[in-house]
Amino acid sequence: MKKEYLSFLSVTAITISNGGDDIGVFTPLFAKYNTVEEVSILISIFLIMTGIWCIVTSYFIRHPFIASRINVLSHAVTPFVLIGLGVYIIIDSFFFNF
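Residues are numbered in the working numbering as their position in the sequence shown, beginning at 1, plus a constant of 1.
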């Protein structure tokens with residue numbers, strides 16, 4: 002196999018293997034949308050978006066300038082992105098009524 006194809010497969014495998022915690026997120030979503038059509042649409046969107054993320058990530062890790070900038074900035078930026086995402090999810094879930 003070509004090296005690029007193996008790289009794409011490794012990124013895809015890591016993305017899927019890290020998705021185990023998504024069960025806790027998607028279970029309430031699937032409980033809300035319980036018809037076959039709605040669940041099929043959700044699964045299709047999830048698979049398409051996972052594919053897009055894998056392709057974009059594969060491009061980023063092969064582009065030297067982008068890969069070097071991500072490597073330098075990721076340690077400083079990642080905590081703020083994750084905290085911001087958590088705050089957004091809590092506020093958007095109507096846990097607190099603001």
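Each residue gets a CB set at the ideal place from its N, CA and C atoms; glycine is no exception.
With H, G and I counted as helix, E and B as strand and the rest as coil, what does DSSP make of THR16?
helix
Distance, Cα to Cα, PHE27 vs TRP54?
18 angstroms
Identify whether TYR89 lies in helix, strand or coil by the three-state DSSP scheme.
helix
Which residues in the same chain as THR58 place their Cβ atom closer than 8 angstroms to its Cβ, once the five residues preceding and following it in sequence are excluded?
VAL12 and THR16
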